[in-house]
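From first to last, the protein sequence lines stand for chains A and B.
When you line the first sequence up against numbering that gives the first Met the number 0, it's residues 0 to 267, in that order.
When you line the second sequence up against numbering that gives the first Met the number 0, it's residues 0 to 267, in that order.
Taking it in order: structure first as structure tokens, then the write-up.
There are 2 protein chains.
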Amino acid sequence: MNSLYVIKIGGNIIDDPIQLESFLKDFSELEGYKILIHGGGKIATKLSKDLGISSELIEGRRVTDAESLKVVTMVYAGLINKNIVAGLQSNHCNAIGLAGADGNIIRATKRPLKTIADGRQIDYGFVGDLDDNSVDAQAIFKLVQAGFTPVFSAITHDGNGQLLNTNADTIASVIAVSMSGLYTTSLVYCFEKSGVLRDVDNEGSVIKNINPEEYKELKNEGVIHSGMIPKLDNAFDAISKGLNEVCIGKADALPELKDKIFGTRLKS
Amino acid sequence: MNSLYVIKIGGNIIDDPIQLESFLKDFSELEGYKILIHGGGKIATKLSKDLGISSELIEGRRVTDAESLKVVTMVYAGLINKNIVAGLQSNHCNAIGLAGADGNIIRATKRPLKTIADGRQIDYGFVGDLDDNSVDAQAIFKLVQAGFTPVFSAITHDGNGQLLNTNADTIASVIAVSMSGLYTTSLVYCFEKSGVLRDVDNEGSVIKNINPEEYKELKNEGVIHSGMIPKLDNAFDAISKGLNEVCIGKADALPELKDKIFGTRLKS
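Next up, the structure:
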């Protein structure tokens, strides 16, 4: 099987033009098949503010009402996605920018109402959740084999004409797992840190490799805690579903991927 | 050769949700290979106004400054394009929404400075002009043959990372001519009228067929005049470059295309 990288970048890169330009160059130079998934960043928040749209926050999660959905569709699927594609094309990477509705590639389910502690029913609005069957791997395969490099924004659809806002980390994971039957697939999360750190204040303390047994130990020792636990739980879950590996590290270290020394590598 | 329809819709349909829904259903039911190109409509103008962005009008043409380019990229390539794609998918049409940067499919040249009558040099900003080599027909062919129905917004790029705002009528024409070596291609313009009218006040006076000789006569008689002349000049120019036919009519008459009784047909 050929190899495939599924690489996710977040707002910290998108919001920084110099970092983004450098990342797009590195991504373009990465050899082999690849897919990019990008998050949002601060542009949508600023645009909402400029337009006087204030969406509700419930238990730390932002509600995507109809007006907020328009904003994220404009910013993620339009402004950010097309500028990333134009940047990649200028680096001779044959990018094709997509949302989940395109080619019916990512079909999500609108999040059902949720009953919270005080008995209230919460409607998170136009938020789309994914399951193991949400991604049409064959459609992506056709695009990749035709020489295109898909670049996904985190806008999906329900198949009935409704666009939905979906978590970009989840999209990356579900795409990677779905592609793992067709390619030896590595999922790469670019985030603020150089990797999983033994000492959170020391960027030099990257733990180079972790397998499930070591993960258990690191949790028991308290080295891995709080926010990293759901992240790594998801990563090992994806590996158990057929993914080759998950790499977590800093975007500017992307050239190190080819030598397998990028950030932290999670393997089965 | 297989047949291909290249269909362009304008703002009058995009701004009317009921008309748009009905058009997307008719488009989906149209048999055979097809490509959709959409213009903008009033949403971008309203968004600019809401954001306090006022772009200059020079000799009736709007200057696309950096802020205006952001707005049209968000609205055309994001909001409108993805909602059209989701609508087509809900009608079981396997649409894939694209801007010209995607797959490097439409490469434009930034319009050069223009010296106007009073000697001033005018910069139209981030406006992209096309020529006969702007469209990568092979890239579109690959997508169409893979089962996708391309849906283009009127945002192009220069190949060096710069997005550009381009006239949607021109995009439709250049795409259609470029595809005419691969398919028997019909270009279809949907506009406000039922076709080229013998009497502009009578929607029943559609001239069914026009060839270049008849066009000359109709111009001499003064039946075709003012705004229709550049439109039809362009259409006959496209036909002379290999296009099978150009059809001009009302969007809601689209089902008549298959019986070749839609609006006005221009043929060589």
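C-beta: ideal position from N, C-alpha, C; glycine also.
#1: Quick one: which unbroken beta strand (DSSP E) runs of 3-plus residues sit fully inside the segment 16 to 99 of chain B? Chain order, please.
#2: Quick check on this structure: which residue in Ser172(B), Val176(B) and Leu196(B) has the alpha carbon closest to the alpha carbon of Tyr188(B)?
#3: Using 8 angstroms as the threshold, is the C-beta distance between Tyr75(A) and Ile154(A) below it?
#4: By the three-class DSSP mapping on this structure, what secondary structure does Lys215(A) have?
#5: Here's the rule I'm using: 16 or more other beta-carbon atoms within 10 Å means buried, otherwise exposed. How should Leu97(B) be labelled?
#6: Distance check for Ala234(A) and Tyr123(A), CA to CA, integer angstroms please.
#7: May I ask you to report which of helix, strand or coil DSSP gives Lys230(B)?
#8: Rounded to the nearest angstrom, what separates Lys69(A) and Ser89(A) at their Cα positions?
#9: Reducing DSSP to helix, strand and coil, say where Pro149(B) ends up.
#10: According to the Cβ coordinates, are Gly203(A) and Ile247(A) closer than 8 angstroms?
#11: Tell me the residue span of the alpha helix (DSSP H) that contains Ile223(B).
#12: Please state whether DSSP places Asn132(A) in a helix, a strand or coil.
#13: Over what stretch of residues does the beta strand (DSSP E) that includes Ser2(A) continue unbroken?
#14: So which of Lys230(B), Ile79(B) and Arg60(B) has the shortest CA-CA distance to Pro16(B)?
#15: What are the boundary residues of the alpha helix (DSSP H) that Ser185(B) is part of?
#16: What is the C-beta distance between Leu253(A) and Phe26(A), in whole angstroms, given that I count them as a contact (C-beta under 8 angstroms)?
#17: Report the neighbours of Phe140(A) on chain B: residues whose CB is nearer than 7 angstroms to its CB, in chain order.
#18: For His156(B), count the other beta carbons within 10 Å of its own beta carbon; 16 or more makes it buried, fewer makes it exposed. Which is it?
#19: Quick check on the burial criterion: 16 or more other C-beta atoms within 10 angstroms. Buried or exposed for Gly221(B)?
#20: Measure the beta-carbon distance from Ala175(B) to Val5(B) and round it to whole angstroms, keeping in mind my assumption that it falls under 8 angstroms.
#21: Taking Asn159(A) as the query, report the chain B residues whose CB atoms sit under 9 angstroms from its CB, ordered along the chain.
#22: Can you tell which of Lys192(A), Lys207(A) and Ile209(A) has its C-alpha closest to the C-alpha of Asn201(A)?
#23: Report buried or exposed for Ala116(B), applying the criterion of at least 16 other Cβ atoms within 10 angstroms of its Cβ.
#24: Which of helix, strand or coil does DSSP assign to Leu196(B)?
#25: Could you tell me which chain B residues have their CB closer than 9 angstroms to the CB of Ala237(A), listed as they occur along the chain?
#26: What in chain A is Cβ-close to Ile12(B), meaning under 7 angstroms?
#27: Can you tell me which of Ala237(B), Gly160(B), Lys240(B) and Tyr214(B) puts its alpha carbon nearest to the alpha carbon of Ile228(B)?
#28: Since Ile95(B) meets chain A, which of its residues come closer than 8 angstroms, beta carbon to beta carbon?
#29: Would you kindly check if the distance between the Cβ of Val134(A) and the Cβ of Ser179(A) is under 8 angstroms?
#30: Verify whether the separation of the beta carbon atoms of Ile223(A) and Thr263(A) is less than 8 angstroms.
#31: Verify whether the separation of the beta carbon atoms of Val62(A) and Ser53(A) is less than 8 angstroms.
#32: Which of the three DSSP states is assigned to Gln161(A) in this structure?
#33: Would you call the CB atoms of Leu129(B) and Ile170(B) closer than 8 angstroms?
#34: Mind pulling the chain B residues with CB within less than 9 angstroms of Val74(A)?
#35: Leaving out five residues on either side along the sequence, give the residues of the same chain with a beta carbon under 7 angstroms from the beta carbon of Arg197(B).
#36: Hey, quick one: how far does the alpha helix (DSSP H) through Ile170(A) stretch, first residue to last?
So, to answer that:
#1: 32 to 37 and 94 to 97
#2: Counting from one through the second sequence, the residue named residue 188(B) turns up at place 189. Per the Cα distances, Ser172(B).
#3: Locating residue 75(A) in the first sequence gives position 76, where the first residue counts as 1. Locating residue 154(A) in the first sequence gives position 155, where the first residue counts as 1. Result yes, Cβ atoms of Tyr75(A) and Ile154(A) sit closer than 8 angstroms.
#4: Against the first sequence, residue 215(A) aligns to sequence position 216. If DSSP states are grouped into helix, strand and coil, Lys215(A) belongs with the helices.
#5: Translated into the one-based positions of the second sequence, residue 97(B) becomes position 98. When all chains shown are included, Leu97(B) counts as buried.
#6: Numbered from 1 along the first sequence, position 124 holds the residue referred to as residue 123(A). Numbered from 1 along the first sequence, position 235 holds the residue referred to as residue 234(A). If I take the Cα positions, the gap works out to 25 angstroms.
#7: For the purposes of this step, residue 230(B) is taken as the residue at position 231 of the second sequence. Helix, per DSSP.
#8: Residue 69(A) sits at position 70 when you count from the first residue of the first sequence. Residue 89(A) sits at position 90 when you count from the first residue of the first sequence. Each residue's alpha carbon lies about 29 angstroms from the other.
#9: The residue you call residue 149(B) lines up with position 150 of the second sequence. Three-state result, Pro149(B): strand.
#10: For the purposes of this step, residue 203(A) is identified with residue 204 of the first sequence, where counting begins at 1. For the purposes of this step, residue 247(A) is identified with residue 248 of the first sequence, where counting begins at 1. Going by C-beta atoms, Gly203(A) is not nearer than 8 angstroms to Ile247(A).
#11: The residue labelled residue 223(B) in the question sits at position 224 within the second sequence. Run containing Ile223(B): none; DSSP gives neither H nor E here.
#12: For this step, residue 132(A) is matched to residue 133 along the first sequence. Coil at Asn132(A), not helix or strand.
#13: Taking the first residue of the first sequence as position 1, residue 2(A) is located at position 3. Its beta strand (DSSP E) spans residues Ser2 to Ile8.
#14: By one-based count along the second sequence, residue 16(B) stands at place 17. Out of Lys230(B), Ile79(B) and Arg60(B), Ile79(B) has the C-alpha closest to the C-alpha of Pro16(B).
#15: On the second sequence, position 186 is the one that residue 185(B) refers to. Not the alpha helix (DSSP H): Ser185(B) falls in the beta strand (DSSP E), residues Thr183 to Phe190.
#16: Looking up residue 253(A) in the first sequence gives position 254. Looking up residue 26(A) in the first sequence gives position 27. Right, the Cβ-Cβ distance comes to about 7 angstroms (below 8 angstroms), so this counts as a contact.
#17: Taking the first sequence and counting its residues from 1, one reaches residue 140(A) at position 141. Within chain B, no residue comes near Phe140(A); the closest Cβ sits about 10 angstroms away, beyond 7 angstroms.
#18: Counted from its first residue, the second sequence places residue 156(B) at position 157. His156(B) should be labelled buried.
#19: Your numbering for residue 221(B) matches position 222 in the second sequence. Gly221(B) should be labelled exposed.
#20: Translated into the one-based positions of the second sequence, residue 175(B) becomes position 176. Translated into the one-based positions of the second sequence, residue 5(B) becomes position 6. Confirmed, Cβ separation roughly 4 angstroms.
#21: Translated into the one-based positions of the first sequence, residue 159(A) becomes position 160. Correct list: Ala85, Gln88 and Ser89.
#22: Locating residue 201(A) in the first sequence gives position 202, counting from the first residue. When only C-alpha atoms are compared, the closest one is Lys192(A).
#23: To locate residue 116(B), count along the second sequence from 1; it is residue 117. Result: exposed.
#24: Position 197 of the second sequence holds residue 196(B). Reduced to three states, the DSSP call for Leu196(B) is strand.
#25: Start at 1 with the first residue of the first sequence, and residue 237(A) comes out as number 238. Chain B residues near Ala237(A): none, gap ~26 angstroms exceeds 9 angstroms.
#26: Within the second sequence, residue 12(B) is the residue found at index 13, counting from 1. Residues of chain A passing the Cβ test: none, with the nearest at roughly 16 angstroms.
#27: Locating residue 228(B) in the second sequence gives position 229, counting from the first residue. Measuring from the Cα of Ile228(B), the nearest candidate turns out to be Tyr214(B).
#28: The count along the second sequence starts at 1 and reaches residue 95(B) at position 96. Within 8 angstroms Cβ-Cβ: Leu97, Asp101 and Gly102.
#29: For the purposes of this step, residue 179(A) is taken as residue 180 along the first sequence, with counting starting at 1. For the purposes of this step, residue 134(A) is taken as residue 135 along the first sequence, with counting starting at 1. Contact: no.
#30: For the purposes of this step, residue 223(A) is taken as residue 224 along the first sequence, with counting starting at 1. For the purposes of this step, residue 263(A) is taken as residue 264 along the first sequence, with counting starting at 1. Going by C-beta atoms, Ile223(A) is not nearer than 8 angstroms to Thr263(A).
#31: For the purposes of this step, residue 62(A) is taken as the residue at position 63 of the first sequence. For the purposes of this step, residue 53(A) is taken as the residue at position 54 of the first sequence. Result no, Cβ atoms of Val62(A) and Ser53(A) do not sit closer than 8 angstroms.
#32: Residue numbering aside, residue 161(A) sits at position 162 when the first sequence is read from its first letter. Looking at Gln161(A) - three-state DSSP - the assignment turns out to be coil, as it is neither helix nor strand.
#33: Position 130 of the second sequence, counted from the start, is the residue given in the question as residue 129(B). Position 171 of the second sequence, counted from the start, is the residue given in the question as residue 170(B). The answer is yes: Cβ separation under 8 angstroms.
#34: The sequence position of residue 74(A) within the first sequence is 75, counting from 1. Ordered by position in chain B, the residues that pass the 9 angstroms Cβ test against Val74(A) are Met73 and Gly77.
#35: Translated into the one-based positions of the second sequence, residue 197(B) becomes position 198. Only Ser204, Ile206 and Val222 meet the Cβ criterion.
#36: For the purposes of this step, residue 170(A) is taken as the residue at position 171 of the first sequence. Its alpha helix (DSSP H) spans residues Ala167 to Met178.
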